[in-house]
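Student: Going down the list, the protein sequences come from chains A and B. So the first sequence is numbered by the working numbering: it starts at 1 and just counts up by one. So the second sequence is numbered by the working numbering: it starts at 1 and just counts up by one. For glycine and all other residues, C-beta sits at the position ideal for the given N, C-alpha and C. Note that the structure is a prediction, hence the values are computed from the model and not measured. I have a structure here, written as structure tokens, and I will follow up with some questions on it.
2 protein chains.
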Amino acid sequence: MAVELINIGTELVLGHVINTNASFLSQRLGMVGQEVAFQVTVGDNEIRLITVLNQALGRSNIIILTGGLGPTKDDITKNVLSKVLNRELVLDKKCFEKIKSHFYERKLTPPPGIQDQALIFRGAKVILNRFGTAPGQILEDRGTIIIILPGVPREMKTMVDKSVIPYLREKFSRGEVIRSKFLKVFGIGESTMEDLIKDIIIQGMNPEVGTVCTDKELIIRLTSKADSEKEAASLLDPLEARIRKRLGNYIFGQEEETMEIVVGALLTLKRKTISIAESCTGGAIADLLTDIAGSSVYFDRGIVSYSNRAKRELLGISENLLKTKGAVSYEVGRAMAKNVRKISKTDLGLSITGIAGPGGATQDKPIGFAFIGLDDGKDTVVNEYNFTGNRKIIKDKMTCTALDMVRRYLCGYSLK
Amino acid sequence: MAVELINIGTELVLGHVINTNASFLSQRLGMVGQEVAFQVTVGDNEIRLITVLNQALGRSNIIILTGGLGPTKDDITKNVLSKVLNRELVLDKKCFEKIKSHFYERKLTPPPGIQDQALIFRGAKVILNRFGTAPGQILEDRGTIIIILPGVPREMKTMVDKSVIPYLREKFSRGEVIRSKFLKVFGIGESTMEDLIKDIIIQGMNPEVGTVCTDKELIIRLTSKADSEKEAASLLDPLEARIRKRLGNYIFGQEEETMEIVVGALLTLKRKTISIAESCTGGAIADLLTDIAGSSVYFDRGIVSYSNRAKRELLGISENLLKTKGAVSYEVGRAMAKNVRKISKTDLGLSITGIAGPGGATQDKPIGFAFIGLDDGKDTVVNEYNFTGNRKIIKDKMTCTALDMVRRYLCGYSLK
């Protein structure tokens, strides 16, 4: 069974917008065992869209379309699909009321032609739009499932999570069960990780183990297929156990857990509070940690001491230390962690000082050079790092490494 | 003439990596008048790749392939293409020497099978790889131009700019010139903007004006086609002037400029320094402003006063004010801006206090409610906002709105 994505929008083929919908959909579909085989992007162009739709209908059993559902004359997805399938669009009154109320609630007059957005394929299941006006639709046509979604990421994503995934999960629950598991790894390089588990990586087999490397983390993906959940789990669980044994505490999370989610949960669980003193990361660590709802339980304050004067005035780093050792030094990293904790009266103090680049580097202290410190009132650990990449990548790596240090501390793992 | 991109990689169709190569290639091709008609992504799977290649050969005159050129057995692009075109691959000695020297320079032994990376289609133009080992190729086959590039963005991008674009420019130099311009808009809603310029928005014509809406900004795209650069500009320039007149200072930038780039440049240009006191954004404003290289010239410090205690201790906000008015109030927003500027001795003090949600809301102060303040030592302006979306979207909108307030101040525009 082939799954195909068709993302429709002239802004996509012209490269004005990066297509993040495709990767989101592929990830979500993968989680219910539906692996995408083809992903096609095409502009709002009737002839080309017809070509692409006919191709997809000829080779795929699940087709997901995004984009081209707006009220303007550019938006042709439904009309073109109606021609290709030779299937009628009918006005859905409930949907039309919902669209009108979207405008009335905002004290706006519905624009002319808005009725077309409530046109639904006869027999289709309607997915209401929580954030916008264009509804989604799920349609079964001669054995093919066709899912039509808006192109606006926020609208599309909510529909996928609330309606499309539950629909597919139920639809295919009687058939083969596909079980997937993602293990998130941080703190070792890709090649080291692959070396550690090279005899467990199996591709094109059942179960399957593969790895993915992103700028922020390494992901190990385990997949098994079987006739029952139980059987699928029995294929996967021993593999997972072997991988966990090999990689130990380099595995920081699973499934959709990010480093900030894991650290936020650990701080909450262990009832520890934290304060952060950042230099080169410019607030990125505090920003990430406060992306988590409820972070006010553990996060007290962050000090972005970018200038040396700020380091002196806000963190009490001595002029002498800054002069003799330099702002990017073990000693300043250590004092920042100790002092931010003391000033804030939190359980933990986290610090970073380094060179994000492209300026500021010296022969001894190249771009990406940094010290990350963690103080708990008894001990202070300061580690030295050499990160590589451009300014943004270096900031991201620094941020994730600092949070990983907090994770390792809270779990009682070695910090070196 | 149709242009088609084929991005090859299992990590792409599984959604583990966002496909940024497609938008980069589309943009660059657009600049030499080659608009992409189809963009197809497929995994490292022989049968599917054959399908996709045959389709492309049947409908497109320029085909650009990325990915699948590595040394592992997963990398099948060249072999599959060789079968489909029935065209031989031959060892390019110069290329092989280059690949070997890539390893020798790094004191590494070339891995077995590396010779395959130097296999080039007979008659193809080789594009050497500055950053990696896999060379690119430009091939003409029965009237179709086929360009083969590595999937690693840095390697691919350099090859495109240094070799592919000059090749296409020369090849099609007799054809038309396409000129594009992007105007970035902030501070008004999409529908308000479209209302203001609705008579200027023209689609499917020459010149063309369209709009794109992202979570952070609105983009107006102007495109013209003509026989010469001069003529293309003469079609575009009057349109741009009309749009600028209508939208005035809601236009904050153009082309690839982001809000933080614009604000960073203005602070540098006007020689103003800034300090930031953030509550609900948790460091995101400081983080964004320090994404810009050279930000230490204008950014002194950021205080992320998340708890009330932090607001008292770090910013001298009185217990009484916090109690009587609440942390999310005009008065606290005002005091935060004034005090952070005074404490930091910077030209400007920027503050934000608000409710990012999902917790913390009251009947009077819903999720997304916020005050943003800006103090210059003489005056303090504090604006009230009601942002909508989830926690992350609200944080993003707050951050961009705060930076826009700094932009408006530095340009002498109204802050209300």
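Buried or exposed: which applies to Gly248 of chain B, given that a residue is buried once 16 or more other Cβ atoms fall within 10 Å of its Cβ?
Tutor: If you number the second sequence from 1, residue 248 of chain B lands on position 248. Answer is exposed; the Cβ neighbour count stays below 16.
Student: Are the beta-carbon atoms of Val209 of chain A and Leu239 of chain A separated by less than 8 Å?
Tutor: Walking along the first sequence from the start, residue 209 of chain A turns up at place 209. Walking along the first sequence from the start, residue 239 of chain A turns up at place 239. Contact flag set, yes.
Student: Around the Cβ of Asp92 of chain A, are there at least 16 other Cβ atoms within 10 angstroms (buried) or fewer (exposed)?
Tutor: Position 92 of the first sequence, counted from the first residue, corresponds to residue 92 of chain A. So Asp92 of chain A ends up on the buried side.
Student: Determine the direct distance from the alpha carbon of Phe182 of chain A to that of Arg87 of chain A, and round the result to whole angstroms.
Tutor: Counting from one through the first sequence, the residue named residue 87 of chain A turns up at place 87. Counting from one through the first sequence, the residue named residue 182 of chain A turns up at place 182. So the alpha carbons of these two residues sit roughly 40 Å apart.
Student: Any Cβ of chain A within less than 8 Å of the Cβ of His102 of chain B?
Tutor: Counting from 1 along the second sequence, the entry for residue 102 of chain B is found at position 102. Judged by the 8 Å Cβ criterion, His102 of chain B is not in contact with chain A.
Student: Which residue wins for smallest C-alpha separation from Gly143 of chain A, given the options A:Ile18, A:Ile63, A:Leu403 and A:Val52?
Tutor: Locating residue 143 of chain A in the first sequence gives position 143, where the first residue counts as 1. That would be A:Ile63, whose Cα lies nearest to the Cα of Gly143 of chain A.
Student: Which class does Val160 of chain A belong to by DSSP, given the choice of helix, strand or coil?
Tutor: The residue given as residue 160 of chain A occupies position 160 in the first sequence. DSSP places Val160 of chain A in helix when its eight states are reduced to three.
Student: Taking 8 Å as the threshold (C-beta atoms), are Lys230 of chain A and Ile178 of chain A in contact?
Tutor: Here residue 178 of chain A refers to the residue found at position 178 of the first sequence. Here residue 230 of chain A refers to the residue found at position 230 of the first sequence. No, the Cβ-Cβ distance between Ile178 of chain A and Lys230 of chain A is not below 8 Å.
Student: For a contact defined as C-beta to C-beta under 9 Å, what are the partners of Glu255 of chain A on chain B?
Tutor: Numbered from its first residue, the first sequence carries residue 255 of chain A at position 255. Correct list: empty, because the minimum Cβ distance to chain B is about 14 Å.
Student: Report the partner residues of Ile64 of chain B according to the DSSP bridge assignment.
Tutor: Residue 64 of chain B sits at position 64 when you count from the first residue of the second sequence. In the DSSP output, where bridge partners are listed per residue, Ile64 of chain B has B:Leu5 and B:Ile147.
Student: Using 8 Å for Cβ pairs, my map puts Thr66 of chain B next to Ile8 of chain B. What's the rounded Cβ distance?
Tutor: In the second sequence, the residue the question calls residue 66 of chain B occupies position 66. In the second sequence, the residue the question calls residue 8 of chain B occupies position 8. With a Cβ gap of about 7 Å, Thr66 of chain B and Ile8 of chain B count as contacting.
Student: Quick one: grab the DSSP three-state call for Arg334 of chain A.
Tutor: Residue mapping note: residue 334 of chain A aligns to position 334 of the first sequence, counting from 1. Three-state DSSP puts Arg334 of chain A in a helix.
Student: For the alpha helix (DSSP H) that Val406 of chain A lies in, which residues bound it at each end?
Tutor: Counted from its first residue, the first sequence places residue 406 of chain A at position 406. Element bounds for Val406 of chain A: Arg391 to Cys411.
Student: Hey, could you find the ends of the beta strand (DSSP E) Asn383 of chain B is sitting in?
Tutor: Within the second sequence, residue 383 of chain B is the residue found at index 383, counting from 1. Its beta strand (DSSP E) spans residues Thr380 to Asn386.
Student: Using a C-beta cutoff of 8 Å, does Val17 of chain B count as contacting chain A?
Tutor: Against the second sequence, residue 17 of chain B aligns to sequence position 17. Taking Cβ atoms only, chain A reaches closer than 8 Å to Val17 of chain B, which makes this a yes.
Student: When the Cα of Ala335 of chain B is compared with those of B:Lys323, B:Met31 and B:Leu315, which residue comes out closest?
Tutor: Looking up residue 335 of chain B in the second sequence gives position 335. The residue with the shortest Cα to Cα distance from Ala335 of chain B is B:Leu315.
Student: Which residue comes first and which comes last in the alpha helix (DSSP H) that contains Gln363 of chain B?
Tutor: As a first step, residue 363 of chain B is located in the second sequence; it is residue number 363 there, counting from the start. Run containing Gln363 of chain B: none; DSSP gives neither H nor E here.
Student: According to a CB-to-CB cut-off of less than 8 Å, which residues of the stretch 299-311 of chain A neighbour chain B?
Tutor: Listed in sequence order: Phe299, Asp300, Arg301, Gly302, Ile303, Val304, Ser305, Tyr306, Ser307, Arg309 and Ala310.
Student: Grouping DSSP H, G and I as helix and E and B as strand, with all else coil, what is Ser351 of chain A?
Tutor: Counting from one through the first sequence, the residue named residue 351 of chain A turns up at place 351. Of the three classes helix, strand and coil, the one that applies to Ser351 of chain A here is strand, per DSSP.
Student: Mind listing the chain B neighbours of Val40 of chain A? Cutoff is C-beta to C-beta under 8 Å, in chain order.
Tutor: The residue given as residue 40 of chain A occupies position 40 in the first sequence. Neighbours of Val40 of chain A on chain B, chain order: Phe38, Gln39, Val40 and Thr41.
Student: Hey, Ala365 of chain B and Val328 of chain B: beta-carbon distance below 8 Å or not?
Tutor: The sequence position of residue 365 of chain B within the second sequence is 365, counting from 1. The sequence position of residue 328 of chain B within the second sequence is 328, counting from 1. Rather than Ala, the amino acid found at residue 365 of chain B in this sequence is Lys. Going by C-beta atoms, Lys365 of chain B is nearer than 8 Å to Val328 of chain B.
Student: To the nearest angstrom, report how far apart Ser60 of chain B and Ala22 of chain A are at their CA atoms.
Tutor: As a first step, residue 60 of chain B is located in the second sequence; it is residue number 60 there, counting from the start. As a first step, residue 22 of chain A is located in the first sequence; it is residue number 22 there, counting from the start. Going from the Cα of Ser60 of chain B to the Cα of Ala22 of chain A covers about 23 Å.
Student: Provide the residue span of the alpha helix (DSSP H) that contains Asp300 of chain A, from first to last.
Tutor: In the first sequence, the residue the question calls residue 300 of chain A occupies position 300. First-last for Asp300 of chain A: Phe299 to Ser305, but that is the beta strand (DSSP E), not the alpha helix (DSSP H).
Student: In terms of residue numbering, what span does the alpha helix (DSSP H) encompassing Glu260 of chain A cover?
Tutor: What you label residue 260 of chain A is simply residue 260 of the first sequence in a count that begins at 1. Met259 to Leu269 is the span of the alpha helix (DSSP H), which, as asked, contains Glu260 of chain A.
Student: For the putative contact between Arg408 of chain B and Gly377 of chain B, defined by C-beta atoms under 8 Å, what is the C-beta separation to the nearest angstrom?
Tutor: Here the question's residue 408 of chain B lines up with position 408 in the second sequence. Here the question's residue 377 of chain B lines up with position 377 in the second sequence. 18 Å between Cβ atoms; not a contact.
Student: Return yes when the Cβ of Gly187 of chain A is within less than 8 Å of the Cβ of Tyr250 of chain A, no when it is not.
Tutor: Numbered from its first residue, the first sequence carries residue 250 of chain A at position 250. Numbered from its first residue, the first sequence carries residue 187 of chain A at position 187. Cβ distance < 8 Å, so Tyr250 of chain A and Gly187 of chain A count as in contact.
Student: Tell whether a beta-carbon distance below 8 Å holds between Glu260 of chain B and Leu53 of chain B.
Tutor: As a first step, residue 260 of chain B must be located in the second sequence, where it is residue number 260. As a first step, residue 53 of chain B must be located in the second sequence, where it is residue number 53. Going by C-beta atoms, Glu260 of chain B is not nearer than 8 Å to Leu53 of chain B.
Student: Would you mind stating whether Gly136 of chain B and Met159 of chain B have Cβ atoms separated by less than 8 Å?
Tutor: For the purposes of this step, residue 136 of chain B is taken as residue 136 along the second sequence, with counting starting at 1. For the purposes of this step, residue 159 of chain B is taken as residue 159 along the second sequence, with counting starting at 1. The answer is yes: Cβ separation under 8 Å.
Student: Would you list, in chain order, the members of the stretch 352-385 of chain B that have their beta-carbon closer than 9 Å to a beta-carbon of chain A?
Tutor: Flagged, chain order: Ala356, Gly357, Pro358, Gly359 and Gly360.
Student: Please specify which runs of the alpha helix (DSSP H), each continuous and at least 4 residues long, are wholly inside the stretch 190-223 of chain B, giving them in chain order.
Tutor: Within the stretch 190-223 of chain B, the complete alpha helix (DSSP H) runs of at least 4 residues are 190-196.
Student: Return the residues of the stretch 80-97 of chain B that lie within a Cβ-Cβ distance of less than 9 Å from chain A, sorted by chain order.
Tutor: The residues in question: there are none.
Student: Just reading off the beta strand (DSSP E) that Glu256 of chain A is part of, what are its end residues?
Tutor: What you label residue 256 of chain A is simply residue 256 of the first sequence in a count that begins at 1. Counting along the chain, Glu256 of chain A falls outside any beta strand (DSSP E), and DSSP gives it neither H nor E.
Student: Between which two residues does the alpha helix (DSSP H) carrying Val80 of chain A extend?
Tutor: In the first sequence, the residue the question calls residue 80 of chain A occupies position 80. That run of the alpha helix (DSSP H) goes Thr77 to Leu85.
Student: Provide the residue span of the beta strand (DSSP E) that contains Glu35 of chain A, from first to last.
Tutor: Within the first sequence, residue 35 of chain A is the residue found at index 35, counting from 1. Run containing Glu35 of chain A: none; DSSP gives neither H nor E here.
Student: Is it a yes or a no for the stretch 255-269 of chain B touching the stretch 277-295 of chain B, going by three-plus beta-carbon pairs under 8 Å?
Tutor: With the cut-off at 8 Å, the stretch 255-269 of chain B and the stretch 277-295 of chain B touch.
Student: Check Thr51 of chain B in the structure and name its three-state DSSP category.
Tutor: Here residue 51 of chain B corresponds to residue number 51 of the second sequence, with the count starting at 1. Note: Thr51 of chain B maps to helix in three-state DSSP.
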